[in-house]
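Numbering-wise (our numbering), the sequence shown opens with residue 1 and increments by one. Quick reminder that beta carbons are idealized off the backbone N, C-alpha and C, glycines included. A quick write-up on the structure given underneath.
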Amino acid sequence: MQKKILLLGSGELGKEVVIALQRLGQHVVAVDSYADAPAMQVADGFEVIDMLDGAALDAVVARHEPDIIVPEVESIRTERFYAYEAQGIQVVPSARAANFTM
């Protein structure tokens, strides 16, 4: 079953994550604070936003309605992850883990 995955962070590691997820048949939207990031070049879609801006992050989540959110960088408004989990979106790792470690 195909899922829509929102990848928050689009560097070289993110690019490898996108490629692996696409091989598994998943739809990936890459997000970062700058255009033409490596993962954006191979993702199914992309967004350029300030991920420390909670409203901008909320807007991207609302626009794409992902099944899964995968944070790949530290510069993200991670406390928003709790609200996304409450909406039924899976955060990998969990919102709690991301808030402890990012």
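Residue i versus residue j: straight-line alpha-carbon distance, rounded
i	j	result
residue 18	residue 96	24 Å
residue 57	residue 73	14 Å
residue 12	residue 22	16 Å
residue 92	residue 35	24 Å
residue 66	residue 82	15 Å
residue 31	residue 20	17 Å
residue 62	residue 39	21 Å
Under the three-state DSSP convention, the category residue i falls into
i	result
residue 4	strand
residue 65	coil
residue 92	coil
residue 52	coil
residue 37	coil
residue 60	helix
Start-to-end residues for the alpha helix (DSSP H) that takes in residue i
i	result
residue 29	Taken as a continuous stretch (DSSP letters only), residue 29 belongs to no alpha helix (DSSP H), being part of the beta strand (DSSP E) at 27-32.
residue 19	12-23
residue 85	81-86
Segment limits, beta strand (DSSP E) that includes residue i
i	result
residue 175	Residue 175 cannot be examined here, being either before or after the span of the chain that is shown, 1 to 102.
residue 45	45-48
Residues near residue i in its chain [Cβ-Cβ closer than 6 Å; skip 5 each side]
i	result
residue 25	2
residue 85	91, 95
Residues near residue i by beta carbon distance below 7 Å, same chain, minus five either side
i	result
residue 79	99
C-beta atoms of residue i and residue j nearer than 8 Å
i	j	result
residue 15	residue 42	yes
Residues near residue i by beta carbon distance below 8 Å, same chain, minus five either side
i	result
residue 68	3, 4, 5, 6, 89, 90, 91, 92
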